[in-house]
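Okay, structure first, notes after.
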Amino acid sequence: MTTRPITGHGELELFSRLPYTLNEELADDLAAGRRHPGWMWVALRGGRLLARVAWWGRPGDAAPRILDVVDVDDAEPDRVDIGAHLLRTAMTATLPLGAHPPEYSRFVPPDWRADPASERVVADRVAVLERVGAELFVERLRLVWEPGTPVPEPSGRLRFRPVEDAAELVDLMTAALDGTLDAHSRDDLTRMSAREAAIAQYEDEFARLASPRQWWRIATLPCGEPVGFVIPAHNGYNATIAYLAVLPAHRGNGHIDDVLAEGTRVLAEQHVPRIRAATDRGNTPMADAFRRAGYVEFEREIKMTWS
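Start counting the sequence shown at 3; every next residue gets the next number (the working numbering).
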């Protein structure tokens, strides 16, 4: 068995012989610099693809940000051993010495637990990652709003205005972290203050968005007191509700529906082909709000991390 990175675009056909939803994005990601041949590894026996792994990053990144492809040939009886050997070898060669490994992400069907074939796919990949020291972190719901789905009319209880500047948004993000149900945010708060976590998320995610900041909205009471905020955006792949929050003092009053409806309305007015969103499986209030707004679960995402 041979393990190595692919040599370039010419080996995309080889790399794509194992099925996964991201296959259709690989060529564009390579062209845009979100992937590199050296971040895409294969395990081969002769000309047969036994396993593959790949990382993703932003254009210009010196090191990858996410491990988002780990696949094995389901017909191989020792597929977990092969996958673990490939991943361990590729990590050693690809990641900077001493760096914490990037998070692993896998898209799966919404009903994967009820389907034996899907359950085995997930179990095999989880086993590969566990062999290399990772552990399950969170399962997220991926949702979509399609044009033609009604957008709820404003209730009249809230007013909406653009975000004034980064400082205002960071202040509101800091306040919203109190009592958060989001697994990533809760993990951040074990290592840093709420303000530090808000600044890090703003700089890493929202400051980099190419879509207009004029889309971002602050929700207020008629007196001007902030209630929450929403960040409608485009992430380079899809229009998305990138962040949605109601401040702690105003939770439990149904304001989440108005805030989400406003963010959906902003993007729908851009005539986008779809709006994507995501939330943790355990964040029931947020998931329920998306469903009331007409968002439909189309996929889930399994995330694993190294401690």
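The beta-carbon is built from N, C-alpha and C at its ideal position, and this holds for glycine as well.
Across which residues does DSSP place T4 in a beta bridge pair? Locating residue 4 in the sequence shown gives position 2, counting from the first residue. Its beta-bridge partners are L46.
Residues bridged to H87 [DSSP beta-bridge criterion]: For the purposes of this step, residue 87 is identified with residue 85 of the sequence shown, where counting begins at 1. BP columns for H87 are empty, so no partner.
Secondary structure at V274, three-state DSSP: helix, strand or coil? In the sequence shown, residue 274 corresponds to position 272, counting from 1. In this structure, V274 counts as coil in the three-state DSSP scheme.
Mapping the DSSP letters down to three states, classify Y245 as helix, strand or coil. As a position in the sequence shown, residue 245 is number 243, starting the count at 1. Here Y245 sits in strand by DSSP.
By how many angstroms is the C-alpha of D259 removed from the C-alpha of T151? Position 149 of the sequence shown, counted from the start, is the residue given in the question as residue 151. Position 257 of the sequence shown, counted from the start, is the residue given in the question as residue 259. Rounded to the nearest angstrom, the two C-alpha atoms are 15 Å apart.
Status (buried if at least 16 other CB within 10 Å, exposed otherwise) for A77: Locating residue 77 in the sequence shown gives position 75, where the first residue counts as 1. With fewer than 16 Cβ atoms within 10 Å of its Cβ, A77 is classed as exposed.
Where G49 and M3 are concerned, what is the direct C-alpha to C-alpha distance, given to the nearest angstrom? Residue 49 sits at position 47 when you count from the first residue of the sequence shown. Residue 3 sits at position 1 when you count from the first residue of the sequence shown. Each residue's alpha carbon lies about 10 Å from the other.
Could you check if N255 is buried or exposed, using at least 16 other CB atoms within 10 Å of its CB as the buried criterion? Translated into positions along the sequence shown, residue 255 becomes position 253. The residue is exposed, with fewer than 16 neighbouring Cβ atoms inside 10 Å.
So, at 8 Å on beta carbons, what are the nonlocal neighbours of A168 in its own chain, with the 5 sequence-adjacent residues on each side left out? Mapped onto the sequence shown, residue 168 falls at position 166. Closer than 8 Å at Cβ, skipping near neighbours: Y204 and A209.
By Cβ distance, which residues of its chain are closer than 6 Å to E301, with the 5 residues on each side in sequence left out? On the sequence shown, residue 301 is found 299 positions in, with the first residue counted as 1. So the list reads F109 and R144, once near-sequence residues are dropped.
Taking buried to mean at least 16 other C-beta atoms within 10 Å of its own C-beta, is V82 buried or exposed? As a first step, residue 82 must be located in the sequence shown, where it is residue number 80. Buried, since its Cβ has 16 or more Cβ neighbours within 10 Å.
Apply the 10 Å Cβ neighbour rule to L89 and answer buried if 16 or more other Cβ atoms are within range, or exposed otherwise. Translated into the one-based positions of the sequence shown, residue 89 becomes position 87. With 16 or more other Cβ atoms within 10 Å, it is buried.
For G296 and L14, the rounded distance between their alpha carbons: Here residue 14 refers to the residue found at position 12 of the sequence shown. Here residue 296 refers to the residue found at position 294 of the sequence shown. Cα to Cα, the separation comes out at about 37 Å.
By how many angstroms is the C-alpha of P104 removed from the C-alpha of M288? Sequence index remark: in the sequence shown, residue 288 carries index 286 (1-based). Sequence index remark: in the sequence shown, residue 104 carries index 102 (1-based). C-alpha separation (whole angstroms): 26 Å.
Which residue marks the beginning of the beta strand (DSSP E) containing Q138, and which one marks its end? Taking the first residue of the sequence shown as 1, we reach residue 138 at position 136. Per the sequence shown, residue 138 should be read as Leu rather than Gln. Residues A136 to W147.
In angstroms with no decimal places, state the Cα-to-Cα distance between S18 and L99. The sequence position of residue 18 within the sequence shown is 16, counting from 1. The sequence position of residue 99 within the sequence shown is 97, counting from 1. Spanning the two alpha carbons is a distance of roughly 29 Å.
By the 10 Å Cβ neighbour count, where 16 or more other Cβ atoms means buried, how is Y239 classified, buried or exposed? On the sequence shown, residue 239 is found 237 positions in, with the first residue counted as 1. It counts as exposed.
Are the segment 156 to 176 and the segment 214 to 221 touching, with three or more C-beta to C-beta distances below 8 Å? yes
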